[in-house]
Amino acid sequence: MNVLVKKSFFDVFQSYSNFNFEERISKVSHDDVERALSKDYLNDNDLIALLSPLAKEYLPFMLKKSYFLTRKYFGNVIFIYAPLYVSDHCVNGCLYCGFSVFNKFKRRTLNYDEVRKEAEILISRGIRHVLFLTGESKLVGTEYICNVAKILKEYFDEVSIEIYPMTEKDYTKVIESGVEGLTVYQEVYDPVIYDKLHVFGPKKNYLFRLETPDRGARAGFREISIGALLGLAPVRKEVFFTLKHAEYIYENYSHIEVAVSFPRIRPIHGGSSFSFDVYNVSDEDILQFVAIARLFLNRIGINISTRESKEFRDNIMLLGPTRMSAGSSTYVGGYSEGKTDGQFDIADNRSVSEFVDAVKSKGLCPTFVNWVKEL
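Numbering (this note's numbering), first residue to last: 3 to 377.
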């Protein structure tokens, strides 16, 4: 797809290289916050004001505004999906991930019959949108990804991927196999911290990962979801660049439905401790970030996964989110084997039907598909 983009997001990111984010956010005043909250359209200064710790004093008003904007643009709908992990083979040395080559466990890549078995279980539970995930390994190359996509399209109305970054050419092949959506987390926008946390492997290439949404957009995905893994770097600065990245995609690729997520780092399954400092991210912080995302980009999708607890997800679902996973397993073959925890620990273990009941209890409408491709 030919799209003229005047400058890359890396150019946008570099334009802030001399910007002292910590100093600016520490100087935010009540007037700055109130001025931002009075506006319909926010600039960078407004975004920084609302990201400040001081703005937490206005959180009830921010959430109320987020609630009304969400109802205005999305109605009472919550889109429900489920992840499907098809491989945990990975060659990357990432310090925070359960699939990292540093973690010694028996790895597995599902064969095509096993993929079908997982799909049959999910479809029997009412799931119609599946997000399938892998690690990064030659065992799960483009041919395998395309074949899995074709199988899943036999079962599901919507298929998305959250895999390793690909070339535009390979993304085109994946789309031709039936995939509509691309999820890719930068993990860390701070390039120095990114380099330290990704010790070796293809994922160490910061720029190639940063430009993944561009390649996906040019290839023709309908949906692109992005985010940073909160807790790996100074949190408010990471959220700032997540939202600026979403704004960049939204402004440059008009055919794309853009979504963001604010996942918090979770313990690696098995209880391994992290070898680096983790930045604290509270429930109140996530509420603030969700509200800001809605105020900054009114029409953006916001995802809250089962990384978060049952109680937190029930409390936040009215206040800005549009997409939520349910009945999740992060274990390869987990639906067939009845296992939930794999890449990271699941915090909300409710079944799909239990989660649907929770959505309905809030007066919201659980919806299982967003896009249905015309025949």
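No residue lacks a Cβ here, since even glycine has one placed at the ideal position from N, Cα and C.
Predicted model, so just to flag it, every value in this text is computed and none were measured.
Legend entry - 3 or more residues per run - each beta strand (DSSP E) lying fully within the region 150 to 229: 160 to 164, 183 to 189, 200 to 202
Inset, instruction - Assess, as a yes-or-no matter, whether the region 329 to 337 is touched by the region 73 to 89 under the definition of 3 or more beta carbon pairs within less than 8 Å. - result: yes
Legend entry - Own chain partners of Leu-154 with C-beta closer than 8 Å, once the 5 adjacent residues on each side are dropped: Leu-86, Val-117, Ala-121, Val-132, Phe-134, Val-161, Gly-180
Legend entry - contact_flag[the region 196 to 210, the region 94 to 106] where n(CB pairs < 8 Å) is 3 or more: yes
Inset, instruction - Assuming Ala-295 and Ile-304 form a contact by the criterion Cβ under 8 Å, report the distance between their Cβ atoms to the nearest whole angstrom. - result: 6 Å
Inset, instruction - Could you tell me if the beta carbon of Leu-112 falls within a distance shorter than 7 Å of some heavy atom in the ligand PLP? - result: With respect to small molecules bound, the structure shown includes none, and the ligand PLP cannot be examined in it.
Inset, instruction - Report yes or no: is there a C-beta of chain D within less than 8 Å of the C-beta of Glu-178? - result: In the structure shown, chain D does not exist; there is a single protein chain.
Inset, instruction - Taking only the alpha-carbon atoms, compute the straight-line gap between Pro-167 and Tyr-18 and give it to the nearest angstrom. - result: 25 Å
Inset, instruction - Compute the distance between the beta-carbons of Glu-138 and Pro-204, then report whether it is under 8 Å. - result: yes
Legend entry - Inter-residue Cα distance where the pair is Tyr-60 and Ile-165: 38 Å
Inset, instruction - Quickly, what does DSSP pair His-131 with across the bridge? List them, please. - result: Glu-160
Inset, instruction - Measure the C-alpha to C-alpha separation of Val-361 and Arg-268 and round it to an integer number of angstroms. - result: 24 Å
Legend entry - Three-state secondary structure assigned by DSSP to Arg-73: helix
Legend entry - Cross-strand partners of Cys-99 (DSSP beta bridge): DSSP output for Cys-99 lists no bridge partner at all.
Inset, instruction - With DSSP collapsed to three states, give me the class of Cys-367. - result: strand
Inset, instruction - Look up Thr-308 in the DSSP assignment and give the residues it is bridged to. - result: Beta-bridge pairing links Thr-308 to no other residue.
Legend entry - Sequence-distant residues of its chain with Cβ nearer than 7 Å to Lys-364 (five each side left out): Met-319, Leu-320
Inset, instruction - Look at the alpha carbon of Tyr-208 and the alpha carbon of Asp-216, and state the distance between them as a whole number of angstroms. - result: 14 Å
Inset, instruction - Note down the Cα distance separating His-257 from Leu-234, rounded to an integer number of angstroms. - result: 32 Å
Legend entry - Cβ neighbour criterion (16 or more within 10 Å) applied to Arg-325: buried
Inset, instruction - Classify Pro-62 as helix, strand or coil using the three-state DSSP reduction. - result: helix
Inset, instruction - Within the region 5 to 42, note down every full alpha helix (DSSP H) run reaching 4 residues or more, in order along the chain. - result: 11 to 16, 23 to 28, 32 to 39
Inset, instruction - Between the Cα of Phe-291 and those of Asn-45, Asp-279, Thr-244, spot the shortest distance and give me the residue it belongs to. - result: Thr-244
Inset, instruction - Go to Arg-109, then tell me how far its beta strand (DSSP E) extends in each direction, as first and last residue. - result: First-last for Arg-109: undefined, no H or E at that position.
Inset, instruction - Have a look at Tyr-157 and Ala-151 and give me their C-alpha separation to the nearest angstrom. - result: 10 Å
Legend entry - Distance between beta carbons of Asp-285 and Phe-314, contact taken as under 8 Å: 6 Å
Inset, instruction - Might you give, ordered along the chain, the residues of its own chain that have their beta carbon closer than 7 Å to the beta carbon of Arg-238, omitting 5 neighbours on each side? - result: Ile-27, Leu-53
Inset, instruction - Throw me the rounded Cβ distance for the Glu-170 and Arg-220 pair, which I believe falls under 8 Å. - result: 5 Å
Inset, instruction - Go through its chain and collect everything with a Cβ distance to Val-283's Cβ below 7 Å, but skip five positions before and after it. - result: Leu-232, Gly-233, Val-237, Arg-266
Legend entry - One or two residues paired with Gly-303 in a DSSP bridge: Ala-261
Legend entry - Segments of 3+ residues assigned as beta strand (DSSP E) that fall wholly inside the region 308 to 336: 325 to 327
Legend entry - 8 Å Cβ cutoff met for Phe-264 and Leu-49: no
Inset, instruction - Below 7 Å CB to CB, which residues in the same chain sit around Ile-195 once its five sequence neighbours on both sides are set aside? - result: Leu-234, Ala-235
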